[in-house]
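In what follows, a single structure is set out as structure tokens and then discussed.
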Amino acid sequence: ADFPIATQLPDLRRWRLRDPKPTRCYLSSGTRGEPNQTFFSAQDWRELVDERARCLSAVGVTTATKALVAVPFGPWFSGDNISDALSSLGASLFTVGAYLPHLLSAVCMMARLQANTLITLPSTALTLAHLAQQAQDSGLLSKPIILDRIIMVGESASEPLRLAVERAFGGP
931 ADFPIATQLP DLRRWRLRDP KPTRCYLSSG TRGEPNQTFF SAQDWRELVD
981 ERARCLSAVG VTTATKALVA VPFGPWFSGD NISDALSSLG ASLFTVGAYL
1031 PHLLSAVCMM ARLQANTLIT LPSTALTLAH LAQQAQDSGL LSKPIILDRI
1081 IMVGESASEP LRLAVERAFG GP
């Protein structure tokens, strides 16, 4: 399979609160110096979800998509707005977060639910690929997980990492 991989989604800082009554607020940990606050009105959120849906549609997400979403939930990593966008497209989604204690369960869920799309961070994709191989080697999975698409968000992905993830999930 020739995987479409989206690594550049629109910068969320272009959305500015237009309504004095925010419906969502996110606080960052401040890993770049200062903690950030981001507020969204209902209209802002709808525009963001619509933009994400356009991006997902452009890489082939449809009502036939069964997506495992393994990303942190907040505006910088797109977990909840991608989930809302997938729902708006009629796709099935399984949200698991991106934390190591849950990732082996996520691999088993991908196989059991026959997910055809993975949406995650590049580093998490690589971890999932390794866990999927270990699960297959140990007999936990009876066959390899083959995906139609992998969508990486939140971090840049090197070419070697992309190729390793693609190979692990059925790519060339």
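In terms of the numbering used here, the numbers along the sequence shown are unbroken and rise by one, the last being 1102.
Yeah, the Cβ is synthetic: ideal placement off N, Cα and C, and Gly gets one too.
Remember, it's a predicted structure, so these values are computed and weren't measured experimentally.
Closest by CA to ASP980, which one among ALA1028, ALA1098, ASN1011 and SER1053? Taking the sequence shown and counting its residues from 1, the one referred to as residue 980 is at position 50. With distances taken between Cα atoms, ASP980 lies closest to ASN1011.
Report buried or exposed for LEU957, applying the criterion of at least 16 other Cβ atoms within 10 angstroms of its Cβ. As a first step, residue 957 is located in the sequence shown; it is residue number 27 there, counting from the start. Classification for LEU957: exposed.
Contact check, ARG1079 vs GLY1009, beta carbons under 8 Å: As a position in the sequence shown, residue 1079 is number 149, starting the count at 1. As a position in the sequence shown, residue 1009 is number 79, starting the count at 1. No, the pair does not count as a contact, with Cβ atoms beyond the cut-off.
Considering only residues of the same chain and omitting the five flanking positions on each side of TRP975, which have a CB-CB separation below 7 Å? As a working mapping, residue 975 is identified with position 45 in the sequence shown. These residues qualify, in order along the chain: THR953 and ARG954.
Beta-carbon within less than 6 Å of ALA1041's beta-carbon, same chain only, minus the 5 sequence neighbours each way: which residues are those? Taking the first residue of the sequence shown as 1, we reach residue 1041 at position 111. Closer than 6 Å at the Cβ level, and outside the excluded window around ALA1041, lie LEU1071 and ILE1075.
Reduced DSSP category for THR1025 - H, G, I as helix; E, B as strand; rest coil: As a working mapping, residue 1025 is identified with position 95 in the sequence shown. It is a strand residue.
Label THR993 either buried or exposed according to how many other C-beta atoms from any shown protein chain fall within 10 Å of its C-beta, with 16 as the threshold for buried. Translated into positions along the sequence shown, residue 993 becomes position 63. It counts as exposed.
Where does PRO1052 land, buried or exposed, given buried means 16+ other C-beta within 10 angstroms? The residue you call residue 1052 lines up with position 122 of the sequence shown. Classification of PRO1052: buried, given that the 10 Å Cβ count is 16 or more.
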